[in-house]
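K.L.:
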Amino acid sequence: MSLVIAVFVPTGIVLAADSRTTMQSTATKTTPGGTEVVHTPLVLSDSAYKVFALPNSGVGLLTYGDAILRDLPVESYVKRFAEVNDRSNRKTVEMAQLLHQYFREHTPENRALFILAGYDDEGGVGVPHVYTVDTGNPDGVRRSNIDRDGRLQYGVLRGGDTSVVDRLISPDTLPPFHLMPLPDAVDYARYLVETTILTLRFEPRFPSVGGPVDVLSMTADSMRFLQRKGQPAGPEMIRFVQRRGLDA
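See below:
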């Protein structure tokens, strides 16, 4: 299981996720009354990558849903997708459609889910685009940061095991995302993931979310990892990427 969070505010987009991969073992147990199938959830890894930056196309993405596809981690498929499709001057919606098509062609029996975000140059202005991608649905690409009238809106998306986050987020007490600075959006995304991990530590159930938290911050002209497991703290962990059509 996973927990992924996307927060989009006027000055940027934040993508955050945990690092836990889980699986379910199945065994047949013989009892006096016959046979019984026993399903046991297991933690497979706390080092899975679920936040990705595609520097040439200037998009970031989160992955959740099925984590093992044809006996390979979803990360390997994302990297293969990037090798083939991460090209400059591609619009965000095109990358979302290509991602949807790639996984439906290569792993049609699985349901990998994504949140994909980026900025498009529209009249010299970097306009944010946030999409959800459901590879189990033939029409699984949907833009999530506009209202019914096509106007930009700001907010939060979550995916995976959202049971704790759903308790933290109430429509009556949502932050004013249209007024939120990007540093606060970073803190909010991190708060939702870290609070979930801490809560599951004490709840009497399987801890489906865990491990280090990775955080990617995106603006109209750059992106950088604020937290990335396996990388030391300091300037060397920050990666800026010039975006299509927005280079100085």
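Letter by letter, the sequence shown follows residues 49 to 296 of the working numbering. Note that the Cβ used here is the ideal one computed from N, Cα and C, for glycine as well. None of the values given here were measured: they were computed from a predicted structure.
#1: Kindly indicate which residue of R272, D232, G207 and T243 has the alpha-carbon position closest to the one of P58.
#2: Grab me the residues of K139's own chain with a C-beta within less than 7 Å of its C-beta, minus the 5 sequence neighbours each way, in chain order.
#3: Have a look at H87, S270 and G207 and flag the residue whose alpha-carbon is nearest the alpha-carbon of A74.
#4: Here's the rule: buried if 16 or more other CB atoms are within 10 angstroms of the residue's CB, otherwise exposed. What is N137?
#5: If you run the structure through DSSP and keep just helix, strand and coil, what is M143?
#6: Which one or two residues does DSSP pair with P121 in a beta bridge?
#7: What are the start and end residues of each continuous alpha helix (DSSP H) run of 4 or more residues lying completely inside the segment 189-267, in chain order?
#8: Can you tell me where the beta strand (DSSP E) with Y179 in it begins and where it stops?
#9: Enumerate in chain order the residues of its own chain whose CB-to-CB distance from V55 is below 6 Å, with the five nearest sequence positions on each side excluded.
#10: Please classify L227: is it buried, with 16 or more other beta-carbons within 10 angstroms of its beta-carbon, or exposed?
#11: Is I163 buried or exposed, if buried means 16 or more other CB atoms sit within 10 Å of its CB?
P.N.:
So, from the data block:
#1: Stepping through the sequence shown from its first residue, residue 58 is reached at position 10. With distances taken between Cα atoms, P58 lies closest to D232.
#2: As a working mapping, residue 139 is identified with position 91 in the sequence shown. So the qualifying residues of the chain are D168.
#3: Indexing the sequence shown from 1 puts residue 74 at position 26. According to the sequence as given, residue 74 is Thr; it is not Ala. Selected option, being the one with the closest Cα: H87.
#4: Here residue 137 refers to the residue found at position 89 of the sequence shown. Exposed.
#5: Translated into the one-based positions of the sequence shown, residue 143 becomes position 95. It is helical.
#6: In the sequence shown, counting from the first residue as 1, residue 121 sits at position 73. The partner list for P121 (beta bridge, DSSP) reads I116.
#7: Under the rule that a run must span 4 or more residues, the alpha helix (DSSP H) segments found entirely inside the segment 189-267 read 211-216 and 230-250.
#8: One-based indexing of the sequence shown puts residue 179 at position 131. Taken as a continuous stretch (DSSP letters only), the beta strand (DSSP E) holding Y179 covers V173 to D182.
#9: Indexing the sequence shown from 1 puts residue 55 at position 7. Taken in chain order, the residues that qualify are V62, V204, A233, Y236 and A237.
#10: For the purposes of this step, residue 227 is identified with residue 179 of the sequence shown, where counting begins at 1. L227 is exposed by the Cβ-count criterion.
#11: As a working note, residue 163 is residue 115 in the sequence shown. Counting the other CB atoms within 10 Å of its CB gives I163 a total of 16 or more, which places it among the buried residues.
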